[in-house]
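S.K.: Before I ask anything, here is the structure I am working with.
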Amino acid sequence: MPTYQLTVNGRVRTVDADADTPLLWILRDTLGLTGTKFGCGQGACGSCTVHLDGQAVKSCQTSLKEAAGHSVITVEGLSKDGSHPVQKAWIAEDVAQCGYCQPGMIMTAAALLKRKAHPTDGDIDEAFADHVCRCGTYPRIRKAVKRAAGGVK
Amino acid sequence: MTSRRDFLKVTGAAGTGLMLGLYLEAKPRPGEATKATFRPNAFLTIRPDGTAQITVPKVEMGQGVRTALPLALAEELDLDWSKIEVVNAQPGPDFKGMQTGGSTSVSGTWDSLRKAGAAAREMLKAAAAAQWNVAADQCRTEKGFVLGPGGKKLGYGGLSEAAAKLPVPKDPPLKKPADYRLLGKRTPRFDGPAIVTGKAVFGLDVRRPGQRVAAVLRCPVPGGKIKTWDDAKAKAVRGVKAVVEVPTGIAVIAESTWAAFKGREALAATATWDEGPARDFNSSTLEAKMRAALTGPADDARREGDAGKALKAAAKVLEAEYSFPYQAHATVEPMNATALVTADGAEMWAGSQSANRAQERAAAALGLKPEQMKVNVPLIGGGFGRRLGTDFSTEAAQVAKAAGGGPVQVVWDREDDLRHDLFHPATLHRLRAGLDGSGALTAWAHRIAGPAVLRSWTGGQKAPSQAATESNGAYDIPYAIPAIAVDFAEVEAPTPLGWWRGIEIVPNVFARECFLDEVAHALGKDPLRLRLELLGERGTVKFGRETADIRRLKKVLEVAAAKAGWGRKLPAGRGLGLACHAYDGRTYAAEVAEVSVVKGRLRIHKVTCAVDCGLVVNPAGLEAQVEGGIAFGLSALFSQITWEKGRTVQTGYHDFPVLRLADMPAIETHVVPSAEAPSGMGEPPVPIAIPAVLNAVFAATGKRIRKVPLEDNLI
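Protein sequence lines correspond, in order, to chains F and Z. Going by my numbering, the first residue of the first sequence is number 1, and it counts up by one from there. Going by my numbering, the first residue of the second sequence is number 1, and it counts up by one from there.
Structure, rendered in structure tokens:
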């Protein structure tokens, strides 16, 4: 059985699992990083969003084989202490309700702002098109993204 | 048996009584309290280092109880909010009323939490006064300290040992609202920092030593049973440990979630089913039965005057049929629970809105006493009434038992979640209005036909309050009309049912407020003016079992209309619509929606909401509930569950669409100040969102929409 190597939150990890295992379950079950959430497993809710080489990807639709050899950042690795500008903006706007979908939202926001420091409303709509928040925190997500704009290096 | 609301009231009261009993009893618990720890009641522990632990007697599912409920206690005790730790209660003798639903969490605990804080405050003051040899009334409290004459100051931590030895006052004085330091101020969500760093622990994040994961293969037709299966291929999947039969299906137990899912997929290919009595059920036959029931016999929910006679005598009768589909909860965290069965008992981790029932039922399923089943309630990734059900928690206990030892987490996937929801059922509505020659509304008749949700709560029995419960939002129509007839004709359906955010009020208020809009236009009257006229100059009015203060409803309607600029000139294709409701006679809310329809596509620009929910505990939480409630309501404009051959057609967010960020309107919230006791905010914003929008669509286009979900092309 082959093993796979990937860098997760800056640390090289060797994983012994089937090649088609979604990265989501490697993170949650193998590595114990439960900040990345399972919402649908169908690529339709965005709760499992992580960064793969800096790009926001859905970890339920990314296989271990695809992630191997790459760098993965999860919500736990976004900052050491919650000080990432997006995390700070999320607190300042008091975004979360139940909070379950928010790690995915935060990872998408961080990737968006890295790509485009000052996104338009249209950019924000597009970036979050595949995300679901059933509690309806959307107006605050938009505000928090704008608050963090320009602050993500 | 009683209605859901009565049930909540009763259990809430029982819980309160017990908590009060405890607070009078005031015994520290062995093992939990050291000599220096002050634990005057089940809600509060003050440690010698001055930190305070508050136990929240309701469950957090996003509605903010882990912030709002501690605020009530902390206010009376003058705690330092930055030194508070919040923990979740566990069902048991201390907490018998953990059921969380019906927008009752704040109102149901408000008195006991404030009294718990006030009693502790008086005891700490007495302890300090004794130490300083002054009278207790010469002392006051502030941010975790008792302050005495001459600049004396002692922290709560240092006083905790002495305070613990004092009697608990039975009737401690409560603060006046003018003296509040925390209540009424914006307090950010307590769990915000844990959520944004991924540290918050939801049910699916529970990890116990030696934990395995199970996925259950269930019959796609609710109520069906497994007939035959072959587990050889499932067992060959890497990581699968066992395949066991449980009452709900066949559980595949594995080392990881992915292995459990893959094993279940292999098993599913081999399964044959006895699909049971629901096998031929489909939405179109149900609709035909509901339509027939619109004119057959029914149970009265409200009857004032003689609506039949008044309709016959009317110069003009308006009649319309409204339709609302089955809806799912579709919480983003799918159902799950983790259970461990040992030789002498069991333990469970379940995101339950009904922890006491979850405990009782899981214990009963395992042949245990409730006290042998310890239940931990982690954070809940969306509830909306779905997790009032105990199906998923009982099933997890059964799987853990069948697995033969060690903790097992049962994980549902999205398809499980939609196929085996406890659905909010479809209804058809027949509305008739009688208008006399002078343009007055003389009669109102509202017939509702559909399955009865209340039976899901009464073990299948028909409760005496069934008609009132199923017509909630319709029977309590707040308008003064000489003849009113509201009734409910039950149509049976073999589908699991359950409570849903806003309950029956959502479809019923949709039909009522849209049809009233039709009446206004038929009379050539402005819809706001007609509502204000029909609300009239009345005070508290009783409708059947409910009372509501019409003045409060009128006020929120006026405020929402004024803030939204009701009556202003809008460009072609753009319109304003409004709706209002007195939720259970407790929370008053009105919404004005501004929409446009371009090339048949609806765009909801803004919803302006005015609410009166009594005293506002946390304005930040209130606004979040308004935004979330409107989002939940609007989401239902676009979604439905349909049935074919006993199965849901929908299996995921791709075919059960929920509102996305780009569709979310701007929300403006206005609070009408009130000195009344706080009521609740979780559900009241939900039911008026759909009618406000559809009335706005009519204003924008002249097209009256009477059916949810919307079609893709509105015109």
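Backbone N, C-alpha and C define an ideal beta-carbon position, used for all residues, glycine too. Note that the coordinates shown come from a computational prediction; the quantities given were computed from them, not determined experimentally.
Run through DSSP, which three-state label would E591 (chain Z) get?
M.R.: Working through the second sequence from its first residue, we reach residue 591 (chain Z) at position 591. Three-state result, E591 (chain Z): strand.
S.K.: M540 (chain Z) to L388 (chain Z), Cα distance in whole Å?
M.R.: If you number the second sequence from 1, residue 540 (chain Z) lands on position 540. If you number the second sequence from 1, residue 388 (chain Z) lands on position 388. It should be pointed out that residue 540 (chain Z) corresponds to Thr in this sequence rather than to Met. C-alpha separation (whole angstroms): 32 Å.
S.K.: Using a Cβ-Cβ cut-off of less than 8 Å, give me the residues of the segment 19 to 52 of chain F that come near chain Z, in sequence order.
M.R.: T21, P22, W25, R28, D29, T30, G32, L33, T34, G35, T36, K37, F38, G39, C40, G41, Q42, A44, C45 and S47
S.K.: Can you tell me which of the three DSSP states A68 (chain F) falls into?
M.R.: Position 68 of the first sequence, counting from 1, holds the residue named residue 68 (chain F). In the structure shown, A68 (chain F) sits in coil (DSSP, three-state: anything other than H, G, I, E or B).
S.K.: Could you check whether the Cβ of G39 (chain F) sits closer than 7 Å to any heavy atom belonging to the ligand FMN?
M.R.: Because no ligand of any kind appears in the structure shown, any question about the ligand FMN cannot be addressed here.
S.K.: Helix, strand or coil: which one does DSSP assign to C60 (chain F)?
M.R.: One-based indexing of the first sequence puts residue 60 (chain F) at position 60. Looking at C60 (chain F) - three-state DSSP - the assignment turns out to be helix.
S.K.: Answer with yes or no whether the minimum CB distance from S256 (chain Z) to chain F is below 8 Å.
M.R.: The residue you call residue 256 (chain Z) lines up with position 256 of the second sequence. Output row for S256 (chain Z): interface = yes.
S.K.: In chain Z, which residues lie less than 9 Å from G151 (chain F) when you measure between Cβ atoms?
M.R.: In the first sequence, residue 151 (chain F) corresponds to position 151, counting from 1. Chain Z residues near G151 (chain F): none, gap ~15 Å exceeds 9 Å.
S.K.: Can you give me the Cβ contacts of G345 (chain Z) inside the same chain, cut-off strictly under 6 Å, excluding the 5 residues immediately before and after it?
M.R.: Indexing the second sequence from 1 puts residue 345 (chain Z) at position 345. If we look at G345 (chain Z) and ignore the five residues flanking it on each side, its Cβ neighbours are Q372.
S.K.: I need the straight-line Cα distance from K645 (chain Z) to T248 (chain Z), nearest angstrom please.
M.R.: Counting from one through the second sequence, the residue named residue 645 (chain Z) turns up at place 645. Counting from one through the second sequence, the residue named residue 248 (chain Z) turns up at place 248. Cα to Cα, the separation comes out at about 20 Å.
S.K.: Got a sec: is the Cβ-Cβ distance from P139 (chain F) to anything in chain C below 8 Å?
M.R.: In the structure shown, chain C does not exist; the protein chains are F and Z.
S.K.: With a CB to CB cut of under 8 Å and the five nearest residues on each side skipped, what residues in its chain are close to Q90 (chain Z)?
M.R.: Within the second sequence, the letter at position 90 stands for residue 90 (chain Z). Within the same chain, Q90 (chain Z) has close Cβ partners A355, K374, V375, N376 and V377.
S.K.: If you reduce the DSSP assignment to three classes, tell me which class L24 (chain F) lands in.
M.R.: Start at 1 with the first residue of the first sequence, and residue 24 (chain F) comes out as number 24. In the structure shown, L24 (chain F) sits in a helix (DSSP, three-state: H, G or I).
S.K.: Go to W349 (chain Z), then tell me how far its beta strand (DSSP E) extends in each direction, as first and last residue.
M.R.: Taking the second sequence and counting its residues from 1, one reaches residue 349 (chain Z) at position 349. Segment G345 to A350, the beta strand (DSSP E) holding W349 (chain Z).
S.K.: What would DSSP say about H521 (chain Z), mapped onto helix, strand or coil?
M.R.: Translated into positions along the second sequence, residue 521 (chain Z) becomes position 521. Helix at H521 (chain Z).
S.K.: Compare the C-alpha of V411 (chain Z) against each of Z:L454, Z:A260 and Z:E627 and name the closest.
M.R.: Counted from its first residue, the second sequence places residue 411 (chain Z) at position 411. For V411 (chain Z), the nearest C-alpha among the options comes from Z:A260.
S.K.: Along chain F, which residues have their Cβ under 7 Å away from the Cβ of I380 (chain Z)?
M.R.: On the second sequence, residue 380 (chain Z) is found 380 positions in, with the first residue counted as 1. Those within 7 Å of I380 (chain Z) in chain F are C98.
S.K.: If R647 (chain Z) and P220 (chain Z) are in contact, beta carbons under 8 Å, what's the gap, nearest whole angstrom?
M.R.: If you number the second sequence from 1, residue 647 (chain Z) lands on position 647. If you number the second sequence from 1, residue 220 (chain Z) lands on position 220. Confirmed, Cβ separation roughly 5 Å.
S.K.: Residues of chain Z with CB under 9 Å from D74 (chain F), in chain order?
M.R.: Indexing the first sequence from 1 puts residue 74 (chain F) at position 74. One detail in the question is off: residue 74 (chain F) reads as Thr in this sequence, not Asp. Near T74 (chain F) (Cβ distances below 9 Å), the residues of chain Z are G198.
S.K.: Throw me the rounded Cβ distance for the M61 (chain Z) and G498 (chain Z) pair, which I believe falls under 8 Å.
M.R.: Along the second sequence, one-based indexing puts residue 61 (chain Z) at 61. Along the second sequence, one-based indexing puts residue 498 (chain Z) at 498. The Cβ separation is near 15 Å, so there is no contact.
S.K.: Indicate whether I604 (chain Z) and P665 (chain Z) have their beta-carbon atoms separated by less than 8 Å.
M.R.: Locating residue 604 (chain Z) in the second sequence gives position 604, where the first residue counts as 1. Locating residue 665 (chain Z) in the second sequence gives position 665, where the first residue counts as 1. Judged by beta-carbon spacing, P665 (chain Z) lies within the 8 Å limit of I604 (chain Z), meaning their Cβ atoms are closer than that value.
S.K.: So the alpha helix (DSSP H) F632 (chain Z) belongs to, where does it begin and stop?
M.R.: One-based indexing of the second sequence puts residue 632 (chain Z) at position 632. Where F632 (chain Z) is concerned, the enclosing alpha helix (DSSP H) stretches over P619 to S635.
S.K.: Using CA atoms only, rank isn't needed, just tell me which of Z:A127, Z:F638, Z:A700 and Z:N88 is closest to A572 (chain Z).
M.R.: Your numbering for residue 572 (chain Z) matches position 572 in the second sequence. Considering only alpha carbons, the answer is Z:A700.
S.K.: Report the neighbours of Y583 (chain Z) on chain F: residues whose CB is nearer than 8 Å to its CB, in chain order.
M.R.: Walking along the second sequence from the start, residue 583 (chain Z) turns up at place 583. Neighbours of Y583 (chain Z) on chain F: none; closest Cβ ~18 Å, over 8 Å.
S.K.: What does DSSP give as the partner residues of C580 (chain Z) in its beta bridges?
M.R.: Here residue 580 (chain Z) refers to the residue found at position 580 of the second sequence. Answer is Z:A590.
S.K.: So, using beta-carbon positions, are M107 (chain F) and H51 (chain F) closer together than 8 Å?
M.R.: By 1-based counting over the first sequence, the position of residue 107 (chain F) is 107. By 1-based counting over the first sequence, the position of residue 51 (chain F) is 51. The beta carbons of M107 (chain F) and H51 (chain F) sit closer together than 8 Å.
S.K.: Taking 8 Å as the CB-CB cut-off, is A129 (chain F) touching chain Z?
M.R.: On the first sequence, residue 129 (chain F) is found 129 positions in, with the first residue counted as 1. Cβ-Cβ to chain Z under 8 Å: yes for A129 (chain F).
S.K.: Nearest-angstrom Cα distance between V216 (chain Z) and D29 (chain F)?
M.R.: Along the second sequence, read from residue 1 onward, the residue named residue 216 (chain Z) stands at position 216. Along the first sequence, read from residue 1 onward, the residue named residue 29 (chain F) stands at position 29. As the crow flies, the alpha-carbon of V216 (chain Z) is around 18 Å from that of D29 (chain F).
S.K.: Using a cut-off of 8 Å between C-beta atoms, extract the partners of G628 (chain Z) located in chain F.
M.R.: Here residue 628 (chain Z) refers to the residue found at position 628 when the second sequence is read from its first residue. Here the neighbours are Q97, C135, G136 and T137.
S.K.: Which complete alpha helix (DSSP H) runs does the segment 379 to 404 of chain Z hold, if anything under 4 residues is left out?
M.R.: Runs of the alpha helix (DSSP H) inside the segment 379 to 404 of chain Z: 391 to 403.
S.K.: Would you say Q55 (chain F) and G43 (chain F) are within 8 Å of each other, going by their C-beta atoms?
M.R.: Taking the first sequence and counting its residues from 1, one reaches residue 55 (chain F) at position 55. Taking the first sequence and counting its residues from 1, one reaches residue 43 (chain F) at position 43. For Q55 (chain F) and G43 (chain F), no; Cβs fall outside 8 Å.
S.K.: Residues of chain Z with a CB under 8 Å from the CB of G82 (chain F): which are they?
M.R.: In the first sequence, residue 82 (chain F) corresponds to position 82, counting from 1. Near G82 (chain F) (Cβ distances below 8 Å), the residues of chain Z are P193, V196 and T197.
S.K.: Quick one: residues in its chain with C-beta nearer than 8 Å to the C-beta of E32 (chain Z), no 5 flanking neighbours on either side, listed in chain order?
M.R.: Your numbering for residue 32 (chain Z) matches position 32 in the second sequence. With a pLDDT of only 45 at E32 (chain Z), under 50, the local geometry of the prediction cannot be trusted, and the value read off the model is given with reservation. So the list reads R39 and T45, once near-sequence residues are dropped.
S.K.: Using a Cβ-Cβ cut-off of 7 Å (strictly less than) and excluding sequence neighbours within five positions of V658 (chain Z), which residues of its own chain qualify?
M.R.: Within the second sequence, numbered from 1, the residue matching residue 658 (chain Z) stands at position 658. Around V658 (chain Z): A330, S635 and S639.
S.K.: Run through chain Z and tell me which residues come within less than 7 Å of P85 (chain F), C-beta to C-beta.
M.R.: Against the first sequence, residue 85 (chain F) aligns to sequence position 85. Near P85 (chain F) there are no residues of chain Z at all, since even the closest Cβ is about 11 Å away, more than 7 Å.
S.K.: State the Cα-Cα distance for the pair V246 (chain Z) and S256 (chain Z), rounded to the nearest angstrom.
M.R.: Walking along the second sequence from the start, residue 246 (chain Z) turns up at place 246. Walking along the second sequence from the start, residue 256 (chain Z) turns up at place 256. Rounded to whole angstroms, V246 (chain Z) to S256 (chain Z) spans 20 Å at the Cα level.
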